[in-house]
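Respectively, the protein sequence lines represent chains A and B.
Using the UniProt record's numbering, read the first sequence as starting at 1 and increasing by one per residue.
Using the UniProt record's numbering, read the second sequence as starting at 1 and increasing by one per residue.
From the three backbone atoms N, C-alpha and C, an ideal C-beta is built for every residue, glycine too.
None of these values were measured; they are calculated from a predicted model.
2 protein chains.
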Amino acid sequence: MSANKNLLIGAIIFPGFDCLDLYGPLRFFGTRTEDFTIKIVAETHNPVPSTARAATHVDHTFDDCPHLDVVLLPGGIGTRAGVKNERLLGFIRAKAEAATYVLTVCTGSGLLAATGVLDGRKATSNKMAWDWVIGNGECMGDAGVKWDRVEHMRELPCKNIDWIKKARWVDDGKYISAGGVSAGMDMGLHFIERICGKEAALWTARTSEYDWHQDPNWDPFTDMIEAENEKLENSKQ
Amino acid sequence: MSANKNLLIGAIIFPGFDCLDLYGPLRFFGTRTEDFTIKIVAETHNPVPSTARAATHVDHTFDDCPHLDVVLLPGGIGTRAGVKNERLLGFIRAKAEAATYVLTVCTGSGLLAATGVLDGRKATSNKMAWDWVIGNGECMGDAGVKWDRVEHMRELPCKNIDWIKKARWVDDGKYISAGGVSAGMDMGLHFIERICGKEAALWTARTSEYDWHQDPNWDPFTDMIEAENEKLENSKQ
Numbered sequence: 001m002s003a004n005k006n007l008l009i010g011a012i013i014f015p016g017f018d019c020l021d022l023y024g025p026l027r028f029f030g031t032r033t034e035d036f037t038i039k040i041v042a043e044t045h046n047p048v049p050s051t052a053r054a055a056t057h058v059d060h061t062f063d064d065c066p067h068l069d070v071v072l073l074p075g076g077i078g079t080r081a082g083v084k085n086e087r088l089l090g091f092i093r094a095k096a097e098a099a100t101y102v103l104t105v106c107t108g109s110g111l112l113a114a115t116g117v118l119d120g121r122k123a124t125s126n127k128m129a130w131d132w133v134i135g136n137g138e139c140m141g142d143a144g145v146k147w148d149r150v151e152h153m154r155e156l157p158c159k160n161i162d163w164i165k166k167a168r169w170v171d172d173g174k175y176i177s178a179g180g181v182s183a184g185m186d187m188g189l190h191f192i193e194r195i196c197g198k199e200a201a202l203w204t205a206r207t208s209e210y211d212w213h214q215d216p217n218w219d220p221f222t223d224m225i226e227a228e229n230e231k232l233e234n235s236k237q
Numbered sequence: 001m002s003a004n005k006n007l008l009i010g011a012i013i014f015p016g017f018d019c020l021d022l023y024g025p026l027r028f029f030g031t032r033t034e035d036f037t038i039k040i041v042a043e044t045h046n047p048v049p050s051t052a053r054a055a056t057h058v059d060h061t062f063d064d065c066p067h068l069d070v071v072l073l074p075g076g077i078g079t080r081a082g083v084k085n086e087r088l089l090g091f092i093r094a095k096a097e098a099a100t101y102v103l104t105v106c107t108g109s110g111l112l113a114a115t116g117v118l119d120g121r122k123a124t125s126n127k128m129a130w131d132w133v134i135g136n137g138e139c140m141g142d143a144g145v146k147w148d149r150v151e152h153m154r155e156l157p158c159k160n161i162d163w164i165k166k167a168r169w170v171d172d173g174k175y176i177s178a179g180g181v182s183a184g185m186d187m188g189l190h191f192i193e194r195i196c197g198k199e200a201a202l203w204t205a206r207t208s209e210y211d212w213h214q215d216p217n218w219d220p221f222t223d224m225i226e227a228e229n230e231k232l233e234n235s236k237q
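If you want it as structure tokens, here you go:
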């Protein structure tokens, strides 16, 4: 476990990506400069606004992006427009197919599902946006927020995926998907464990003062959010 | 608790800011567009690289920055150069004095301490970089990493501060400081509780699938890191 891994991680972002989906895992990967190089990739060189509005600078566009060993795909409300952007889907598909690992956070798995590469695989996603991700519901904000540009779902090619709702993350070998937002940090540490070993992951968590949930099945949020939704439904009747 | 708060949050960043210090709290604040507007402020309009290299776009420079209701100051290895940058310190001092609230994450409290505005106040900081922050130790990376441009501390005006090490965050009224990196998220939710109420904070945590540590005294990291440091010292003897 001592040789440098020298992996190029490309985070593919789009307007309305969730900033914690992206920067949670990147913070952890960024402490291991001997193992990981991080590049931000987007359709154009324009700074890309996140859900918190703060925008990220682009290192590579789709036109000049090198081979990526690891693809990191955040979620966020921008995935709702993303699944209709054929250029974005085509680029993600090509980079995901060529990569050794593909990591998604939150509704990033919905975007990846729309490319078809998750067919026959196991995956998870955000619990609040679950029905949209698995192709059975209307589009709404990941956090149940009503946004200006909310659009209805299209028929996503996500019916052939073994969707596992109650999970912090799901590791299907090449493809590792996290639940909503904060789950990306636990998945990120799991990835460091897979690539660099347990000690490296524990060190990263400790020195980030992060309370790592090491159990991929830990997920109190599915029940919490379902209970809240039920309360909301009952209050409407 | 129902009227919109309409607070302008300015996050002041610098090269080598910690991306999770910044984007953890911002993700939470960003879901409450009716209460918070978020702007990124830096010395120039050049994109500002984080500890993970990924760079953030600047909304306002020091020259055109409006009044800030809330100052958010991340930490990161860049604070080591930051405490020697008189222009940065002067800008932070002016904005902090004029603001209603000042939030720091990680070694951001060391940077704020260097402006003098924390004198006579209670504050906390990163546990790994503790000795540097309180003015008693050499400079090293927040995560104990050796960086290229590590420089030794100067005499910080941080001797008149009531530094509280074992804390997740410390709320001293106007000034709220978090421990290292991930602690900024717990502090951020505490700030939402103060401004918007408990329900709002719980909703934000739940819909971000975030396991909020609600107790400001929760801090297993001080002991963990001290034990690691002791082990390291003993191995040298």
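Can a CB atom of chain B be found closer than 8 Å to the CB of residue i?
| i | result |
| --- | --- |
| H67/A | no |
| Y23/A | yes |
| T107/A | no |
| D131/A | no |
| G144/A | Summary for G144/A: the model assigns pLDDT 49, below 50, so the residue's position carries little reliability; its value from the coordinates is reported in the next sentence. By this cut-off, G144/A is an interface position. |
| L26/A | yes |
| H190/A | no |
| T104/A | no |
| N4/A | no |
| R121/A | no |
| T124/A | no |
| R154/A | Only weak support is given to the placement of R154/A: the predicted model assigns it a pLDDT of 43, under 50, and the value that follows is read from those uncertain coordinates. Answer no: the Cβ-Cβ gap between R154/A and chain B never drops below 8 Å. |
What does residue i pair with, by DSSP beta-bridge criteria?
| i | result |
| --- | --- |
| D171/A | I176/A |
| D162/B | K122/B |
| F221/B | According to DSSP, F221/B bridges with nothing at all. |
| F17/A | S50/A |
What would DSSP say about residue i, mapped onto helix, strand or coil?
| i | result |
| --- | --- |
| A11/A | strand |
| V133/A | helix |
| S235/B | helix |
| N4/B | coil |
| G188/A | helix |
| V150/A | The predicted position of V150/A is uncertain, since its pLDDT is 34 and thus under 50; no value can be drawn from it. |
| W203/A | helix |
| G24/B | helix |
| E209/A | coil |
| G197/A | coil |
| R87/B | helix |
| E34/B | coil |
Please confirm if residue i has its CB atom under 8 Å from at least one CB of chain A.
| i | result |
| --- | --- |
| residue 245/B | What the structure shows of chain B is the stretch from 1 to 237, and residue 245/B is not part of that stretch, so it cannot be assessed. |
| G187/B | With the sequence shown as reference, residue 187/B is identified as Met, and Gly is not the correct amino acid for it. Cβ-Cβ to chain A under 8 Å: no for M187/B. |
| F29/B | yes |
| D63/B | no |
| C19/B | yes |
| Y210/B | yes |
| K127/B | yes |
| T99/B | The amino acid at residue 99/B is misidentified as Thr; the sequence shows Ala. So, not an interface residue. |
| V170/B | no |
| A167/B | no |
| V150/B | For V150/B, the pLDDT reaches just 34, beneath the cut-off of 50, and the residue's location in the model is therefore unreliable, although a value from the coordinates is still provided. Not an interface residue. |
| S182/B | yes |
| R206/B | yes |
| residue 242/B | The requested residue 242/B does not occur in the structure, where chain B is confined to residues 1 to 237. |
Next on the checklist: Using a Cβ-Cβ cutoff of 8 Å, what residues of the stretch 221–235 of chain B are near chain A? List them in chain order.
Outcome noted: F221, M224, I225, E228
Next on the checklist: Short of 7 Å Cβ to Cβ, which residues in the stretch 67–82 of chain B face chain A?
Outcome noted: none
Checklist entry - If contact means a Cβ-Cβ distance below 7 Å, which residues of the stretch 32–59 of chain B contact chain A? => result I38, I40, P47, T51, A52, R53, A54, A55, T56, H57
Checklist entry - Unbroken alpha helix (DSSP H) runs of length 4 or more, entirely within the stretch 36–85 of chain B: which are they? => result 79–82
Checklist entry - Fully enclosed by the stretch 93–127 of chain A, which alpha helix (DSSP H) runs are 4 residues long or longer? => result 108–113
Item to check | Residues of the stretch 5–16 of chain B whose Cβ lies closer than 8 Å to any Cβ of chain A, in chain order | outcome: A11
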